[in-house]
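Below is one structure; the comments refer to it alone.
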Amino acid sequence: MPIGRKTAMKTKIKMITKFLTIPFIIFFIIVGLLLAYKSQTSPVLKEAEFKTFTITPGQSSSEIGKNLKKEGLIKNSIVFNLFVRLNNLAEKIQAGSFKLSPSMSLSEIGNQLTTGTFDVWITIPEGFRNEEIAQRLNEKLGIKEEDFLKIAEEGYMFPDTYLVPKESTAANIVSILRENFDRKFSDELKQMVTSRGLTEKEVIILASIVEREALFAEDRPIVAGILLNRQNIAMALEADATVQYALGYSEEEKTWWRKNLTEEDLRVNSQYNTRRHAGLPPGPICNPGLSAIQAVINPAETDYLYYLSDKEGKMHYAVSLEEHIENINQYL
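Heads up: the sequence shown begins at 634 in this note's numbering, then just goes up one per residue.
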């Protein structure tokens, strides 16, 4: 065979060998990666006890993976994130508490995190009235609204984020919320209340009004001071939030706090209507947070007797009725 033909043949063989080798290399790389992935998704230990693992609301899959690795429940947090993405679990993972074990595979852990919580997180926003809390408990836990409303005391169901057992009853929830109130309303605050000549109930009633009337934290001490100024001179509080409470649920606006109050609304015949009745209403109109309670205990000392909130929630204050009318004309 001529030398040129031999050379060409060798070149062809090298090319064929090269093209055959590349797929094999890719194949072995893929196999290797799959074996590594399988190894990293297998249980950390063959036999191990279960432990409680908690996910807080808003935690990312990256944070969850790091915590699982820290607790010795998985081998690799990066592989956990990959597993979550491959299986579209990011939106399915629940916030709550889970019973997990290092003897569980990543697939088993993923299944638990999406279906197996035995505790659930419930957030009670500041300013919710009991009916709103009852609705949320019904949605999250299936608790009958009437069961909660029978035993819940308005003003003392402390707004916070809670991790509660799925099997909680209305009585359990009321106890949890009230115990948190008793912790937050500390002995130090109670001493300050006494020194100001107020009762605990008066503070909570005023704080509930402040909570609904003042949108921003910086306004709460000023609004609290104004309400106390009015009370000190036997002036009607005239707080629209008390009218909203008295009116109850608005079918038209689909809310417990209707915004568009009419002249007829302002005349509603209720002891809670502080536009018609002087002094404090019979009880709180919502469940205030600690900021509103502290604002009543430590109010801003001003000469203001009037306030109004514009469309953006910004407060405008006045000493006299004339100034207040000017603010109404300018901002409303």
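From the three backbone atoms N, C-alpha and C, an ideal C-beta is built for every residue, glycine too.
- Note that the C-beta distance between PRO917 and SER841 is below 8 Å.
- The stretch 845-860 and the stretch 868-882 touch, with no fewer than 3 CB-CB distances between them shorter than 8 Å.
- Under DSSP, LEU733 takes part in a beta bridge, and its partners are LYS684.
- Annotation: the continuous alpha helix (DSSP H) that includes ILE809 extends over 803-817.
- Boundaries for TYR878: no beta strand (DSSP E) harbours it, while the alpha helix (DSSP H) harbouring it runs 873-880, taken from the DSSP string.
- Inclusion of ILE784 and ARG769 in the CB contact set at 8 Å is not warranted, their separation being larger than that value.
- Fewer than three pairs of CB atoms, one per stretch, sit closer than 8 Å, so the stretch 891-906 makes no contact with the stretch 823-830.
- In this structure, the alpha-carbon of ALA681 lies about 18 Å from that of GLY743.
- At a Cβ-Cβ threshold of 8 Å, LEU941 and ASN862 do not count as neighbours.
- ASN709 and SER694 do not touch by the CB rule: their CB atoms are close to 13 Å apart, not below 8 Å.
- Put simply, the stretch 789-807 does not touch the stretch 947-958. Fewer than three CB pairs are less than 8 Å apart.
- For PRO921, there is no enclosing beta strand (DSSP E), as DSSP marks it with neither H nor E.
- Judged by beta-carbon spacing, ALA911 lies beyond the 8 Å limit of ALA857, meaning their Cβ atoms are not closer than that value.
- Spatial neighbours of SER675 in its own chain (CB-CB distance under 7 Å, excluding positions within 5 residues in sequence) are listed in chain order as SER738.
- Taking a 10 Å sphere around the C-beta of ASN763, we find 16 or more other C-beta atoms and assign the residue as buried.
- When rounded, the separation of the alpha-carbon atoms in GLY760 and ILE866 is 27 Å.
- A distance of 8 Å or more separates the beta carbons of ALA728 and ILE776.
- In this structure ASP752 is in contact with SER730, their Cβ atoms being roughly 4 Å apart against a cut-off of 8 Å.
- For the pair ALA869 and ARG900, the CB atoms are not nearer than the 8 Å cut-off.
- Considering only GLU704, SER736, GLU741, the residue with the shortest C-alpha distance to PHE716 is GLU741.
- Ranking LYS823, PRO792, ILE766, TYR789 by CA distance to the CA of ASP780 puts ILE766 first.
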